[in-house]
Structure formats: structure tokens, C-alpha cells
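Everything on this sheet refers to the single structure shown next.
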Amino acid sequence: MQSKKTNAPDPKRDAEALELLRKLREKLFSRDISSARLAARNLSWLQEDGLAILKEALFGNYPGSAKKAAAYGLRSMKGRMKKMAMEVLEQGLNSQDHALQQISSKSISLAKGETPPRPPRRGPSRGKRVIRDIRNQRPNGSPQSPIVRGRRNYPD
């Protein structure tokens, strides 16, 4: 006995899918990078719908955490969507937004398995260090003998 299969769309299932997409989109645009990355990872499994939301997050006027999470989701895509996701990241390289260029560049290099170049550190220059005080020295310069607790400090 064969089961009857229908190709008609189920309105209840479509409503559930739209609700899931709405929740993932909200999480993607949150300021918490951990939940945004998790949402981006889940969106990467949703093929065209996920690609559209991740592309919107990458090119839209959203916080940097959302853009970084979107780039993570794009490079996490598998199968037939991988090529389209890489094209979206390459479009980010040609953007006027400098932050988007850096995010796209890093994401592409990570997707290829390369380690991205690190920016040079800019810290305060440290001059010559001067030792001002040496511990365990008496004022006259002779070293002080160590004191051991629990034992009398008598010479043997």
C-alpha cells in the first residue's frame, strides 16, 4: 500500500517557516555576537531565503556584529549556495564601506583556508626601562638572607 503524496503547499507549514525566518532575522540583528552567529549559521542551511537575509544584513545599515555574523553565515553555506555566497562576499570587497571591505576580505580568506593578515599593533612606544629598586637588598647593598617560616634562622 503506497502513501499518497501531494505537491500542494501546506499553509500551516509555510506560516511556521515564515515565523522561523522572522525569529532568525531578529537574532541576526541583535547586538549579542554569539546569538547573531548562531542565527547566521542556522540561516546558512535555509538556501535562498537564508542567502537573501544574510545579504541584507551584510549590505544594510546594521551594526558591525550583524555584518560579521552575516559574513560567517555566508562562508558557512554548503552545496549549490556556496558559490553564490562567495559572490556576495566578493561584492562586499567592491563596497564603499571600509568596514564591509575588511569583513568580506577576512571572510573570504577564512573560507579559502588561509589565515588573514593581522593589522599592525599600535601601542604606546616604550622607552628604555630603568630598574629602580631591587627586592631583598639592604640599604647598604648587601643581600638579605631569606627568612624561612616555621624554622629558627640559626646558622647550621
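No gaps in the numbering here: position 115 of the sequence shown is 114 in numbering that gives the first Met the number 0, and each next residue is one more.
Glycine included, every Cβ here is placed at the ideal spot set by N, Cα and C.
Problem - Simplified DSSP assignment, three categories, for E113 - result: Here residue 113 is taken as the residue at index 114 of the sequence shown, counted from 1. Here E113 sits in coil by DSSP.
Exercise for the section: Report the option in S29, L37, G122 and D13 whose CA atom is closest to the CA atom of L73. Expected result: Locating residue 73 in the sequence shown gives position 74, counting from the first residue. Looking at the Cα atoms, L37 is the closest of the given residues.
Practice task
Determine the burial state of K157: buried for a count of at least 16 other Cβ atoms within 10 Å of its Cβ, exposed for fewer.
Solution key: Any question about residue 157 goes unanswered here, given that the chain covers just 0 to 155.
Exercise for the section: Verify whether the separation of the beta carbon atoms of S108 and Q100 is less than 8 Å. Expected result: Counting from one through the sequence shown, the residue named residue 108 turns up at place 109. Counting from one through the sequence shown, the residue named residue 100 turns up at place 101. It is not a contact, given that the beta carbons lie outside the stated cut-off.
Practice task
Take F28 and list the residues in its own chain whose beta-carbon comes closer than 8 Å to its own, dropping the five residues that flank it on each side.
Solution key: For the purposes of this step, residue 28 is taken as the residue at position 29 of the sequence shown. Closer than 8 Å at the Cβ level, and outside the excluded window around F28, lie A35, A56, Y61, P62 and A65.
Practice task
Sort K77, G112 and R121 by Cα distance to E47 and report the nearest one.
Solution key: The count along the sequence shown starts at 1 and reaches residue 47 at position 48. The residue with the shortest Cα to Cα distance from E47 is K77.
Practice task
State the start and end residues of the unbroken alpha helix (DSSP H) segment that holds D48.
Solution key: Numbered from 1 along the sequence shown, position 49 holds the residue referred to as residue 48. Q46 to F58 is the span of the alpha helix (DSSP H), which, as asked, contains D48.
Problem - Other residues of its chain near S168: CB distance less than 6 Å, five sequence neighbours each side excluded - result: Outside the shown range of the chain, which is 0 to 155, sits residue 168, and nothing can be said about it.
Practice task
Could you tell me if A68 is buried or exposed, where buried requires 16 or more neighbouring beta carbons within 10 angstroms of its beta carbon?
Solution key: For the purposes of this step, residue 68 is identified with residue 69 of the sequence shown, where counting begins at 1. Classification for A68: buried.
Problem - Residues near M83 by beta carbon distance below 7 Å, same chain, minus five either side - result: Locating residue 83 in the sequence shown gives position 84, where the first residue counts as 1. Contacts found: L50.
Handout entry: Contacts around L53, its chain only, beta-carbon distance under 6 Å, and the 5 residues preceding and following it disregarded
Key = In the sequence shown, counting from the first residue as 1, residue 53 sits at position 54. L42, A69, G72 and L73, listed in sequence order.
Exercise for the section: Apply the 10 Å Cβ neighbour rule to A39 and answer buried if 16 or more other Cβ atoms are within range, or exposed otherwise. Expected result: For this step, residue 39 is matched to residue 40 along the sequence shown. Flag for A39 reads buried.
Practice task
For V129, name the three-state secondary structure that DSSP assigns.
Solution key: Translated into the one-based positions of the sequence shown, residue 129 becomes position 130. Here V129 sits in coil by DSSP.
Problem - Environment of K111 [buried if 16+ CB atoms lie within 10 Å] - result: Against the sequence shown, residue 111 aligns to sequence position 112. Exposed, by the Cβ-count rule.
Problem - Local Cβ density within 10 Å of S103, reported as buried at 16 or more and exposed below that - result: In the sequence shown, the residue the question calls residue 103 occupies position 104. Counting Cβ neighbours within 10 Å, S103 comes out buried, since at least 16 surround it.
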